[in-house]
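Quick notes on the structure that follows.
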Amino acid sequence: MWYPAFLMAAVILYYLATLPVIKGYIGEVIVRIYLKTLNPKKYRVLNNVYFPAYSGLYMQIDHMVICKGCVIIIETKNYNGIIEGDWRSKNWTIRRKNSTLSVYNPMRQNSYHVRMLLENKIVPDSTRVYSVVCLGVFAKPDTNGKMPVVTPQKLLCCIKRIVGENGESADSGSLTSGIEKLIIRGRSIGREHIKRLRSRKRRIREGICPRCGGRLYYRNSLRGRIAICTNYPWCKYRNKTQS
Numbered sequence: 216m217w218y219p220a221f222l223m224a225a226v227i228l229y230y231l232a233t234l235p236v237i238k239g240y241i242g243e244v245i246v247r248i249y250l251k252t253l254n255p256k257k258y259r260v261l262n263n264v265y266f267p268a269y270s271g272l273y274m275q276i277d278h279m280v281i282c283k284g285c286v287i288i289i290e291t292k293n294y295n296g297i298i299e300g301d302w303r304s305k306n307w308t309i310r311r312k313n314s315t316l317s318v319y320n321p322m323r324q325n326s327y328h329v330r331m332l333l334e335n336k337i338v339p340d341s342t343r344v345y346s347v348v349c350l351g352v353f354a355k356p357d358t359n360g361k362m363p364v365v366t367p368q369k370l371l372c373c374i375k376r377i378v379g380e381n382g383e384s385a386d387s388g389s390l391t392s393g394i395e396k397l398i399i400r401g402r403s404i405g406r407e408h409i410k411r412l413r414s415r416k417r418r419i420r421e422g423i424c425p426r427c428g429g430r431l432y433y434r435n436s437l438r439g440r441i442a443i444c445t446n447y448p449w450c451k452y453r454n455k456t457q458s
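For the sequence shown, the working numbering puts the final residue at 458, and the numbers step up evenly by one.
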């Protein structure tokens with residue numbers, strides 16, 4: 216009598232595990248487990264943190280590894296299969312046995328995070344900032360770009376290679392404490408982040424610059440249509456993917 220119930224429960228669990236939100240959360244948990252093995256005297260790890268971006272927007276960083284004079288930003292995407300793309304592309308391609316899927320380029324997303332950290336003085340100019348994209352356990356990345364793309368199994372080796380085999384010893388504490396002071400906290404911060412992102416997209420559709428509120432004008436280029444703020448060069452907003 217218990218077999219139908221067990222089968223039903225298995226089907227429900229499998230369905231939940233394939234949902235993008237649950238799948239992404241599982242990927243972040245896996246990366247957290249690996250990052251916990253780093254030496255706490257040498258590395259400080261921050262998970263799922265929010266910082267100010269621009270025009271009242273937030274940015275959400277999956278993982279941040281801090282050591283003396285160095286910050287590593289890790290964007291986690293629980294993608295599995297053959298991952299193809301480069302840093303210039305808007306989208307990457309995921310190839311599996313019976314399917315092909317197009318996803319947003321995580322290198323572009325992480326580059327934005329690094330730029331906002333520096334522009335908003337969250338990380339001092341003297342600090343080296345590196346980006347890493349971490350995919351799923353069964354991913355086979357075939358990518359070209361300015362930042363490493365690894366699986367969780369190779370993440371620790373990647374971090375140690377960036378810092379250096381004989382990297383700095385314990386963090387002085389000033390860099391970590393300065394960054395932690397600027398973290399935006401709150402129970403509803405996730406919902407507020409999504410709400411503000413939707414508002415930003417709506418403003419872009421209406422032809423309003425999401426940074427300064429100026430009007431956008433459009434021009435064609437070899438790479439497609441580009442939206443540029445009329446307040447340039449004071450406001451340097453430009454959207455290369457604007458249709």
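Every residue gets a Cβ at the ideal spot worked out from N, C-alpha and C, and that includes glycine.
Same chain, Cβ closer than 8 angstroms to residue i, neighbours up to 5 away in sequence not counted
i: tryptophan 449; result: Cys427
Unbroken beta strand (DSSP E) run spanning residue i, endpoints
i: valine 260; result: 259-267
i: asparagine 293; result: Taken as a continuous stretch (DSSP letters only), asparagine 293 belongs to no beta strand (DSSP E), as it is neither H nor E.
i: asparagine 435; result: 431-436
Helix, strand or coil at residue i [DSSP, three-state]
i: asparagine 325; result: helix
i: lysine 461; result: The displayed coordinates of the chain run from 216 to 458. Any statement about residue 461 would go beyond what the structure contains.
i: leucine 350; result: coil
i: tyrosine 447; result: coil
i: valine 364; result: strand
i: isoleucine 281; result: strand
i: glycine 401; result: coil
i: tyrosine 452; result: coil
i: isoleucine 337; result: coil
i: lysine 305; result: coil
Host alpha helix (DSSP H) of residue i (start-end)
i: arginine 411; result: 404-420
i: isoleucine 394; result: 389-396
Residue i versus the options, residue with shortest Cα-Cα distance
i: arginine 434; options: Arg420, Arg453, Arg418 and Lys416; result: Arg453
i: leucine 412; options: Gln324, Leu272 and Met362; result: Leu272
i: arginine 247; options: Asn262, Lys238 and Ile398; result: Asn262
i: cysteine 285; options: Tyr447, Val378, Ser414 and His408; result: Val378
i: leucine 370; options: Leu250, Glu243, Ile276 and Gly296; result: Leu250
Sequence-distant residues of its chain with Cβ nearer than 6 angstroms to residue i (five each side left out)
i: proline 321; result: Glu290, Lys292 and Val348
i: proline 363; result: Val347 and Cys373
Heavy atom of the ligand PLP within 6 angstroms of residue i beta-carbon
i: asparagine 359; result: Ligands displayed in this structure: none; no statement on the ligand PLP is therefore possible.
| So does the region 294-308 actually touch the region 402-412, counting three or more Cβ pairs closer than 8 angstroms? | no
| request: Spell out a yes or no on whether the region 255-275 and the region 341-352 are touching, meaning 3 or more CB-CB pairs, one atom from each, closer than 8 angstroms. | output: no
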